[in-house]
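Chains as they are written, first to last, in the working numbering: chain A, 1 to 249; chain B, 250 to 498.
2 protein chains.
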Amino acid sequence: METIVLGIGETLVRDDRHWASWANWLGVPAHTLSALVGAAVAQGRDATDALRVLRPGMDVDEAYLARAAAGRGEHLDESDLYPDVRPALAELRAAGIRVVVAGNGTVRAGERLRALDLPADLVVTSDEWGVRKPDPAFFARVVEVSGAKPGATLYVGDHPADDLFPAAAAGLRTAHLRRGPYGHWWAEHPDVVGTADFRVNALPELVGVVGGSPARPGAEPHSARPAFEDGTGAVGGARPARVSYLRGL
Amino acid sequence: METIVLGIGETLVRDDRHWASWANWLGVPAHTLSALVGAAVAQGRDATDALRVLRPGMDVDEAYLARAAAGRGEHLDESDLYPDVRPALAELRAAGIRVVVAGNGTVRAGERLRALDLPADLVVTSDEWGVRKPDPAFFARVVEVSGAKPGATLYVGDHPADDLFPAAAAGLRTAHLRRGPYGHWWAEHPDVVGTADFRVNALPELVGVVGGSPARPGAEPHSARPAFEDGTGAVGGARPARVSYLRGL
Chain A
1 METIVLGIGE
11 TLVRDDRHWA
21 SWANWLGVPA
31 HTLSALVGAA
41 VAQGRDATDA
51 LRVLRPGMDV
61 DEAYLARAAA
71 GRGEHLDESD
81 LYPDVRPALA
91 ELRAAGIRVV
101 VAGNGTVRAG
111 ERLRALDLPA
121 DLVVTSDEWG
131 VRKPDPAFFA
141 RVVEVSGAKP
151 GATLYVGDHP
161 ADDLFPAAAA
171 GLRTAHLRRG
181 PYGHWWAEHP
191 DVVGTADFRV
201 NALPELVGVV
211 GGSPARPGAE
221 PHSARPAFED
231 GTGAVGGARP
241 ARVSYLRGL
Chain B
250 METIVLGIGE
260 TLVRDDRHWA
270 SWANWLGVPA
280 HTLSALVGAA
290 VAQGRDATDA
300 LRVLRPGMDV
310 DEAYLARAAA
320 GRGEHLDESD
330 LYPDVRPALA
340 ELRAAGIRVV
350 VAGNGTVRAG
360 ERLRALDLPA
370 DLVVTSDEWG
380 VRKPDPAFFA
390 RVVEVSGAKP
400 GATLYVGDHP
410 ADDLFPAAAA
420 GLRTAHLRRG
430 PYGHWWAEHP
440 DVVGTADFRV
450 NALPELVGVV
460 GGSPARPGAE
470 PHSARPAFED
480 GTGAVGGARP
490 ARVSYLRGL
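And the structure:
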């Protein structure tokens, strides 16, 4: 593997502050909104639908601007990073891997992330590119900035439908991260097991993964759990229809 | 109305601390567990299934005891109450209404709640009774302690399947509270609209409700929103099969 590309939310950054801030803005407890987000996303709906459950017809973009205008805009700092991010990314770069951060987020999130001066060669968000995951155009941009062939580029994310499936469809190698609600919720779904080249519980496991060759019949990933459970060692073979996953586990 | 009976979680008490404490115990961010709780409950599964997504095979009762033994047991204090609880309950009692708190919770939760000295005539939890909502036996106990006939007793809760439907089946009058994730998630579900005698957004609205007669054709609830949207004024008429709601909105 030559390049590793990581998503942002729940891959590098805990989503807690983001949703707690919305909850505070809407005057509901954080647990209420977080649970609504989980309910919506688990049904294949957009996470922002949780906001519209609380405020039917809400214009999320407009509310985002109103929050910012009220001095309660988006924030992101070191404390939002999962603690393994900085050491794992540093170790990957030390191993000669190109590290790219590319995930869904606002222009401001991109600015805040770059201000953290992560050990990364490129940090970019969907709003900066003008296209969001899971749009195939997003992953075409990932391929463009990778600096390596798709087969030598590993995309790491927690969400099956936003990260894993479209990244695999773009020809990238994939690692599914069991982290955050969606990473955990669908970790054992057959489509995830059947699609992901690697399945990891934390970023340091990626150091072992990229040091070796992608999991292929006969090949053994290093520290990460191989993405097959049928005992055949086959990875990335027949993949079930992915839309089935959106209909609920 | 002579007696009002209120649930505990998300009716009187915010569930935030409860789930954040479990998240902390399991080493995941609060948003992660809260979203998993929402995903599980929205699919008709038990909230504790969220814990087992994170720790497959987890024995929740055993983990509860381990937490307590580690000095990180269940806690509940004034800050966990929704701010309208104390004034609304006081106003209800001042209006001559008997106020009962009866919801799912541990023995310790009952002790902590009683220590808050709420304006209530009785405070009791499911573990103290040895039976949990939505078991009909729980609502039989509610009828026993009401001090009034079921038709003169109003049960108030946020969860359609745990509160509203079994309370109505027990012959109680019902108010659905649009609060907490489930209160919001299913607020407009036809089964909720068709079953609830009243639908309220906050506890002070109950003062108007109990001061009048239960919503019947021709009757007008006071401050609460009437539980019908077909313009006929009919309440509690034909009720759709309730199990359908468990299959998802």
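Just so you know, even glycine gets a beta-carbon here, dropped at the ideal spot from N, CA and C.
- Message: Tell me the rounded alpha-carbon separation between Thr374 of chain B and Ala445 of chain B.
- Response: Approximately 23 Å between the Cα atoms of the pair.
- Task: At 7 Å on the CB atoms, spell out the chain A contacts of Leu285 of chain B, in chain order.
- Result: Per Cβ cutoff of 7 Å: Gly38, Pro181, His184 and Trp185.
- To the nearest angstrom, report how far apart Ala451 of chain B and Ala317 of chain B are at their CA atoms. Approximately 33 Å, taken between the alpha carbons.
- Query: With C-beta atoms as the reference, is Val13 of chain A less than 8 Å away from Ser146 of chain A?
  - Reply: It is not a contact, given that the beta carbons lie outside the stated cut-off.
- Message: Let me make sure I understand the geometry here. Which of A:Val156, A:Leu164, A:Pro204 and A:Pro181 has the alpha-carbon closest to that of Val192 of chain A?
- Response: Ranking A:Val156, A:Leu164, A:Pro204 and A:Pro181 by Cα distance to Val192 of chain A puts A:Leu164 first.
- Query: Near Ile346 of chain B, what residues of its chain come up, given a Cβ to Cβ distance below 6 Å and the 5 sequence neighbours on each side ignored?
  - Reply: Result list for Ile346 of chain B: Ile253 and Val459, in chain order.
- In terms of DSSP beta bridges, what is Leu177 of chain A paired with? Note: Leu177 of chain A is bridge-paired with A:Val200 in the DSSP secondary-structure output.
- So what does Leu122 of chain A bridge to, in DSSP terms? The partner list for Leu122 of chain A (beta bridge, DSSP) reads A:Val100.
- Item | Of the residues B:Arg304, B:Tyr431 and B:Ser270, the one placed nearest Thr32 of chain A, counting alpha carbons only | Measuring from the Cα of Thr32 of chain A, the nearest candidate turns out to be B:Tyr431.
- Helix, strand or coil at Leu54 of chain A according to DSSP, with G and I counted as helix: Of the three classes helix, strand and coil, the one that applies to Leu54 of chain A here is helix, per DSSP.
- Hey, would you say Arg112 of chain A sits closer than 8 Å to Leu76 of chain A, going by beta carbons? For Arg112 of chain A and Leu76 of chain A, yes; Cβs fall inside 8 Å.
- By Cβ distance below 8 Å, which residues in the same chain neighbour Thr153 of chain A in space, the five residues on each side in sequence not counted? Within the same chain, Thr153 of chain A has close Cβ partners Met1, Glu2, Thr3, Ile4, Val5, Val142, Val143, Ser146, Leu172 and Arg173.
- Query: Who are the neighbours of Asp264 of chain B on chain A, taking C-beta pairs under 9 Å?
  - Reply: Result: Pro29, His31, Thr32 and Ala35.
- Are any of the Cβ atoms in chain B nearer than 8 Å to that of Ala227 of chain A? Confidence is the limiting factor: at Ala227 of chain A the pLDDT is only 43, short of 50, which leaves the residue's position unreliable, though a coordinate-based value still follows. By this cut-off, Ala227 of chain A is not an interface position.
- Counted within 10 angstroms of its Cβ, other Cβ atoms place Ala47 of chain A as buried (16 or more) or exposed: For Ala47 of chain A, the number of other beta carbons within 10 angstroms of its own is at least 16, and it is reported as buried.
- Message: With a threshold of 8 Å between beta carbons, is Trp268 of chain B in contact with chain A?
- Response: It does: the Cβ of Trp268 of chain B has a partner Cβ on chain A nearer than 8 Å.
- Residues of chain A with CB under 7 Å from Val302 of chain B, in chain order? Near Val302 of chain B (Cβ distances below 7 Å), the residues of chain A are His184 and Trp185.
- Query: Does the Cβ of Asp59 of chain A have 16 or more other Cβ atoms within 10 Å, making it buried, or fewer, making it exposed?
  - Reply: An exposed status is given to Asp59 of chain A, since fewer than 16 other beta-carbon atoms sit within 10 Å of its beta-carbon.
- 8 Å Cβ cutoff met for His433 of chain B and Leu36 of chain A: In this structure, Leu36 of chain A lies closer than 8 Å to His433 of chain B by Cβ.
- Item | Distance between beta carbons of Leu26 of chain A and Leu54 of chain A, contact taken as under 8 Å | Between Leu54 of chain A and Leu26 of chain A the beta-carbon gap is near 5 Å, inside 8 Å, which marks them as a contact.
- Message: Taking its Cβ as the centre, do 16 or more other Cβ atoms sit within 10 Å of Ala175 of chain A, making it buried, or is it exposed?
- Response: Buried: at least 16 other Cβ atoms inside 10 Å.
- Task: Please say whether Val200 of chain A and Leu177 of chain A have beta carbons closer to each other than 8 Å?
- Result: Leu177 of chain A places its beta carbon less than 8 Å from that of Val200 of chain A.
- Task: Report yes or no: is there a C-beta of chain A within less than 8 Å of the C-beta of Ala291 of chain B?
- Result: Proximity of Ala291 of chain B to chain A, defined by a Cβ-Cβ separation below 8 Å, is satisfied.
- Query: Closest to Asp310 of chain B by CA distance: which of B:Trp271, B:Ala289, B:Asp264 and B:Ile257 is it?
  - Reply: Per the Cα distances, B:Trp271.
- Message: Do Pro160 of chain A and Trp129 of chain A count as a contact pair if the criterion is CB distance below 8 Å?
- Response: No, the pair does not count as a contact, with Cβ atoms beyond the cut-off.
- Span separating the alpha-carbon of Ala299 of chain B from that of Ala319 of chain B: Their Cα atoms are separated by approximately 22 Å.
- Query: Opposite Leu255 of chain B in the DSSP bridges: which residues?
  - Reply: Looking at the DSSP assignment, Leu255 of chain B forms a beta bridge with B:Val350 and B:Val405.
- Identified DSSP bridge partners for Leu330 of chain B: As a beta-bridge residue in DSSP terms, Leu330 of chain B pairs with B:Val262.
- In angstroms with no decimal places, state the Cα-to-Cα distance between Ile257 of chain B and Glu10 of chain A. Distance from the CA of Ile257 of chain B to the CA of Glu10 of chain A, rounded to the nearest whole angstrom, comes to 32 Å.
- Neighbourhood of Arg72 of chain A by C-beta distance below 8 Å, restricted to the same chain and skipping five residues each side: So the qualifying residues of the chain are Ser21, Asn24 and Trp25.
- Kindly indicate which three-state DSSP category Trp186 of chain A falls into: helix, strand or coil? In the three-state reduction of the DSSP assignment, Trp186 of chain A falls in the coil class.
- Under the three-state reduction of DSSP, which class applies to Glu469 of chain B: helix, strand or coil? Model confidence at Glu469 of chain B stands at a pLDDT of 38, short of 50, so the residue's coordinates are unreliable and nothing is read from them.
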